[in-house]
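Novice: For the protein sequence lines, the chains are A and B, in the order given.
Numbering-wise (this note's numbering), the first sequence opens with residue 13 and increments by one.
Numbering-wise (this note's numbering), the second sequence opens with residue 86 and increments by one.
C-beta: ideal position from N, C-alpha, C; glycine also.
Here it is: the structure, laid out below.
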Amino acid sequence: MSSVSRRSFLARGAALTGAAGAALATGARAAETSAPTGPPTAPGAAVEGSDLATVQPFTGAHQAGILNPAPANATLLAFDSLAADRDTLKAALQALSDRARQLTVGGPVPLLEVDAPPADSGILGPDNAPDALTVTIGFGASLFDGRYGLAAKRPAELTDMPTFPVDHLDPKRSHGDLLVQICAQHRDTVVHTVRELTRTVRGALQQRWSMDGFAGAGRGPSPKNSPRNLFAFRDGTANPDTTDASLMNQLVWAGAGEPAWAVGGTYQVVRIIRMHVEFWDRVGLTEQQNMIGRVRDSGAPLGGTDEFQDPRYDLDPDGKRIPLDAHIRLANPRTAATANERILRRGFNYHRGFDDAGQLDQGLLFVAYNRSPSKQFVVIQNRLNSEPMTDYVTPVGGGYFFVPPAARTAADFVGSGLFA
Amino acid sequence: MLRKNARPRALLFSGAALALVAVLVAVLAGGGEPSSSTAATRTAAQAVTGPRFGPPALARYREGSPHVTSQLNTYAVQGAVQGAPSTPPDELPPVSAAAFRTPVAAYRAYSVGRLRLMARQVAALSSALAADDRAAAQTAWRAAYADYLNLGAVYLEGPVAALNDAIDGLPGGLAGGVASPRFSGLHRLERGLWSEAPLASLAPFARKLSADVARLARLIPHVQIDPADYATRAHEILEDAVRDQLSGADAPWSGAGVLGTSAGVVATAAVIRTLAPILSTRESVLPTVNADLSDLRSALRAIARAHGGELPTTSELTRLQTERLDASIGQALEGLAQVPGALETTRALAIPQIPAKDARTAR
């Protein structure tokens, strides 16, 4: 099985690189040296003046899809590795990065002989517009078991996500050897990427679960106001400033104590949090606001008028204004002692129809980044285990993943350090 | 598993009876008669309250809302609200906390009675285990489980919370899951009874359950229940039943989710019965709720009839039965959600403002 599969995905990769290699490589170099929003060089890759032309660079120090603002659409796609050996896994990861890089740059779809299946599914037309696509590749703890001799490379804190007291985890939507986070401005770009990437690694990496997400539109009143989650509250207000590089080193990028290959990566926490929205919609507004700690309309902390206002817990030690068990207060107490616990959240809303019992299946794809889950995410989650909001949410899946540094060059791939 | 109750509710907008603008009815119904049995059985509730779709009649809209600009929309769907003041409707004066004394006492007595029934079923379960009769043991378990869920509103603080975990705890949050030694109550028995486990191996769990139930029955008469919590439970029991029972989440081995939902309806009706004397003086909540609960009980009876007289497992429900049950429960919950607001015991306090001179902006 393995030799055949390996040949097939390597051959497909070669066809794509061979047929359009020159254009893509040129495009890649140009895009990666220009500003992230610069137009692709591939002719006709996007309608002029359209945001379809936006490029997020695939290579660099850190992977894209973490610090850049979340675009409108996402899919989380978990894989298990069925690669028979270490070389096959390495080849699959190389092919995954290569194809992801091509798609993030965009460009014309290569032409093969007309009697061959097309090299690209073609669902975006003859030119793939980049559309701010990011493909963020992370590894689960299970990849570091005995199968591929990677145990010594396991990032210091990477484990399976534990089951927290509030969890009702569905094994069919939890964990995985890999997690690929695909984000773009338009849904069809994400779907195309899912289709191309699964095809690229077929035989070696088998999809395990997937969840589609979307971001609330920027509805103001100002462009910096945070979008809303499906409880209607603004989400992400207290995120650390992603443009502050030293703060990101302090909170997000893993460093000391990690194996050399992992430095500059980050721990990704994924929680699929079902929200019982019918129930929520039957709760009085005052109670909703007290559970969150914010005013629903403006997003301001209770007693305030501006979303980004400091809630001043120091002036409200008894919780007369913002209850002591309000979500924002437990999640981020804003004290000197808790400053280093902060995490970077970059979640998406989800809607996947309704369940067998007829209830809407909506919620939050909570995605967060931190340099040390044990000192950050877990500490926060444990404070939240008994918050009143737990009645209205059920975490049903997700996992812990380690997102390594990006491919350094167009010849490099995400995870190359595992095989060094 | 009964979850910890949410915080007591602060004052809500006073619940207004839902009303419907004729135009919207015509649009929703397509101008014709509802043809499904689901729609037809709603008439009991409608007879009391009238049709109940669309925004509350007293809803007001903020002046100058940018998207409420179309006259057609405003008049046809939302009613003639242009120029309405942006303040919410007036609230009824609060109910005195003392008015809850009798209802809460009645509820405690009811709970003790249910636990006595449960104790009998647990004894029957033990006998069935000793007789190695799995069918009889399963029957006794279902009865005991329903009796427990008939409590609906165990107040999960302190020792009562620990007992609830022991009696009705799920393996989900325990280290080791189903293998945890702390997984020992109703659901541990459920798992064994609906598998090939030798019945004799379950006897110790039944003994422990029996002792825990007796202990809870001794504690209940001393449990203090906050009036706001009690009013909140009027709708949260059924909300929990939908989330935990009808979903199949809480009783995965026996599939007893419909039974559990039905038990939640019984518990809700018991709470509403105790509250009726207060509720009858407040707005028009009580007739709606009673009609909806009656409709819901009819739906459950019809389902039992269609399954040989006994409530089926969640997976045995036909699509139409699931839809019928969902529709009835959803409608009942929309009405029950008005109860806490109608029974507020305090007026909403204004939220203190963050002092202006200290109001720093984060960025």
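#1: Which first and last residues belong to the beta strand (DSSP E) in which A/PHE360 is found?
#2: With burial defined as no fewer than 16 other Cβ atoms inside 10 Å of the residue's Cβ, what is the status of B/LEU323: buried or exposed?
#3: Just to confirm my understanding: we take A/LEU94, look at its own chain, exclude 5 residues before and 5 after, and list those with CB closer than 6 Å. What are they?
#4: Closest Cβ-Cβ distance between B/ASP314 and chain A: below 8 Å?
#5: Please classify A/ASN140 as buried or exposed, where buried requires at least 16 neighbouring CB atoms within 10 angstroms.
#6: Which class does A/GLN106 belong to by DSSP, given the choice of helix, strand or coil?
#7: To the nearest angstrom, how far is it from the Cα of A/VAL379 to the Cα of A/ARG357?
#8: Jot down the residue ranges of each uninterrupted beta strand (DSSP E) in the region 290 to 332 of chain A, minimum 3 residues, whole runs only, in chain order.
#9: Please report whether the beta-carbon of B/SER339 lies at a distance below 8 Å from any beta-carbon of chain A.
#10: Which residues of chain B have a Cβ atom closer than 7 Å to the Cβ of A/PHE291, listed in chain order?
#11: Check whether the region 256 to 271 of chain A and the region 362 to 380 of chain A are in contact - that is, three or more C-beta pairs closer than 8 Å.
#12: Report yes or no: is there a C-beta of chain B within less than 8 Å of the C-beta of A/LEU356?
#13: Using a threshold of 8 Å, state whether the C-beta atoms of A/ALA104 and A/VAL213 are closer than that.
#14: What residue range does the alpha helix (DSSP H) around B/THR346 cover?
#15: Based on the DSSP secondary-structure assignment, which residues constitute the bridge partners of A/TRP221?
#16: Whose C-beta lies closer than 6 Å to the C-beta of A/ASP424 among residues of the same chain, with five residues either side of it excluded?
#17: Please report the straight-line C-alpha distance between A/GLY316 and B/THR317, rounded to a whole angstrom.
#18: For B/ARG468, is the classification buried or exposed, using 16 other Cβ atoms within 10 angstroms of its Cβ as the cut-off for buried?
#19: Taking the continuous beta strand (DSSP E) assigned at A/TYR160, which residues delimit it?
#20: Under 9 Å between beta-carbons, which chain B residues line up against A/GLN114? List them in chain order, please.
#21: Is there a Cβ from chain A that is less than 8 Å from the Cβ of B/ALA433?
#22: Provide the residue span of the alpha helix (DSSP H) that contains B/PRO289, from first to last.
#23: In terms of alpha-carbon separation, which member of A/ASP189, A/GLU169, A/GLU270 and A/ILE340 lies closest to A/SER386?
#24: Can you tell me which of the three DSSP states A/MET173 falls into?
#25: How would you label B/VAL263, buried or exposed, when you count the other beta carbons within 10 angstroms and need 16 or more for buried?
#26: Within 8 Å of any Cβ in chain A, is that where the Cβ of B/PRO244 sits?
#27: Going by beta carbon distance, what residues of the same chain come within less than 6 Å of B/SER211, once the five residues before and after it are set aside?
#28: List, from N- to C-terminal side, the alpha helix (DSSP H) runs of 4 residues or more that fit wholly inside the region 359 to 419 of chain B.
#29: Is the distance from the Cβ of A/LEU190 to the Cβ of A/GLY137 below 8 Å?
#30: A/PHE243 by DSSP, collapsed to three states: which one?
#31: Given a cut-off of 8 Å on the beta-carbon distance, is the pair B/TYR233 and B/LEU271 in contact?
#32: Could you check what DSSP says for A/ASN352 in three-state terms: helix, strand or coil?
#33: Run through DSSP, which three-state label would A/LEU191 get?
#34: Touch check for the region 170 to 179 of chain A and the region 75 to 91 of chain A: three-plus C-beta pairs under 8 Å?
#35: Which residue wins for smallest C-alpha separation from A/GLY305, given the options A/ARG166, A/PRO329 and A/LEU336?
#36: Looking at C-alpha atoms only, which residue of A/ALA369, A/VAL307, A/PHE360 and A/ASN352 is the closest neighbour of B/LEU405?
Specialist: This is what the structure gives:
#1: As a working note, residue 360 of chain A is residue 348 in the first sequence. Residues 360 to 366.
#2: On the second sequence, residue 323 of chain B is found 238 positions in, with the first residue counted as 1. B/LEU323 should be labelled buried.
#3: If you number the first sequence from 1, residue 94 of chain A lands on position 82. Correct list, in chain order: GLN218.
#4: Taking the first residue of the second sequence as position 1, residue 314 of chain B is located at position 229. No - not a single Cβ of chain A is within 8 Å of the one on B/ASP314.
#5: The sequence position of residue 140 of chain A within the first sequence is 128, counting from 1. A/ASN140 should be labelled buried.
#6: Counting from 1 along the first sequence, the entry for residue 106 of chain A is found at position 94. Of the three classes helix, strand and coil, the one that applies to A/GLN106 here is helix, per DSSP.
#7: Start at 1 with the first residue of the first sequence, and residue 379 of chain A comes out as number 367. Start at 1 with the first residue of the first sequence, and residue 357 of chain A comes out as number 345. For A/VAL379 and A/ARG357, the distance between alpha carbons rounds to 6 Å.
#8: none
#9: Residue mapping note: residue 339 of chain B aligns to position 254 of the second sequence, counting from 1. Not an interface residue.
#10: By 1-based counting over the first sequence, the position of residue 291 of chain A is 279. What A/PHE291 touches in chain B: GLU324 and ARG328.
#11: no
#12: Along the first sequence, read from residue 1 onward, the residue named residue 356 of chain A stands at position 344. No, A/LEU356 does not count as interfacial toward chain B.
#13: By 1-based counting over the first sequence, the position of residue 104 of chain A is 92. By 1-based counting over the first sequence, the position of residue 213 of chain A is 201. Going by C-beta atoms, A/ALA104 is nearer than 8 Å to A/VAL213.
#14: Translated into the one-based positions of the second sequence, residue 346 of chain B becomes position 261. Counting along the chain, the alpha helix (DSSP H) containing B/THR346 begins and ends at 342 to 364.
#15: Within the first sequence, the letter at position 209 stands for residue 221 of chain A. A/TRP221 is bridged to A/ALA90.
#16: Residue numbering aside, residue 424 of chain A sits at position 412 when the first sequence is read from its first letter. Once the five neighbours on either side are set aside, A/ASP424 has no close Cβ partner at all.
#17: Locating residue 316 of chain A in the first sequence gives position 304, where the first residue counts as 1. Locating residue 317 of chain B in the second sequence gives position 232, where the first residue counts as 1. Each residue's alpha carbon lies about 28 Å from the other.
#18: With chain B covering 86 to 448 only, the question about residue 468 of chain B has no answer from this structure.
#19: Position 148 of the first sequence, counted from the start, is the residue given in the question as residue 160 of chain A. Where A/TYR160 is concerned, there is no enclosing beta strand (DSSP E), given that its DSSP letter is neither H nor E.
#20: The residue labelled residue 114 of chain A in the question sits at position 102 within the first sequence. Within chain B, no residue comes near A/GLN114; the closest Cβ sits about 37 Å away, beyond 9 Å.
#21: Working through the second sequence from its first residue, we reach residue 433 of chain B at position 348. Cβ-Cβ to chain A under 8 Å: yes for B/ALA433.
#22: Here residue 289 of chain B is taken as the residue at index 204 of the second sequence, counted from 1. B/PRO289 -> alpha helix (DSSP H) spans 288 to 304.
#23: Working through the first sequence from its first residue, we reach residue 386 of chain A at position 374. Looking at the Cα atoms, A/GLU169 is the closest of the given residues.
#24: Indexing the first sequence from 1 puts residue 173 of chain A at position 161. Note: A/MET173 maps to coil in three-state DSSP.
#25: Reading the second sequence from its first residue, position 178 is the one you call residue 263 of chain B. Exposed, because fewer than 16 other Cβ atoms sit within 10 Å of the Cβ of B/VAL263.
#26: Against the second sequence, residue 244 of chain B aligns to sequence position 159. Output row for B/PRO244: interface = no.
#27: Within the second sequence, numbered from 1, the residue matching residue 211 of chain B stands at position 126. Excluding residues within five positions, the ones whose Cβ falls inside 6 Å are ALA291.
#28: 370 to 391
#29: Your numbering for residue 190 of chain A matches position 178 in the first sequence. Your numbering for residue 137 of chain A matches position 125 in the first sequence. Contact: no.
#30: Translated into positions along the first sequence, residue 243 of chain A becomes position 231. Note: A/PHE243 maps to coil in three-state DSSP.
#31: Translated into positions along the second sequence, residue 233 of chain B becomes position 148. Translated into positions along the second sequence, residue 271 of chain B becomes position 186. Result yes, Cβ atoms of B/TYR233 and B/LEU271 sit closer than 8 Å.
#32: Translated into the one-based positions of the first sequence, residue 352 of chain A becomes position 340. Helix at A/ASN352.
#33: Stepping through the first sequence from its first residue, residue 191 of chain A is reached at position 179. A/LEU191: strand per DSSP, three-state reduction.
#34: no
#35: In the first sequence, counting from the first residue as 1, residue 305 of chain A sits at position 293. With distances taken between Cα atoms, A/GLY305 lies closest to A/LEU336.
#36: Here the question's residue 405 of chain B lines up with position 320 in the second sequence. Comparing Cα positions, the closest option is A/ALA369.
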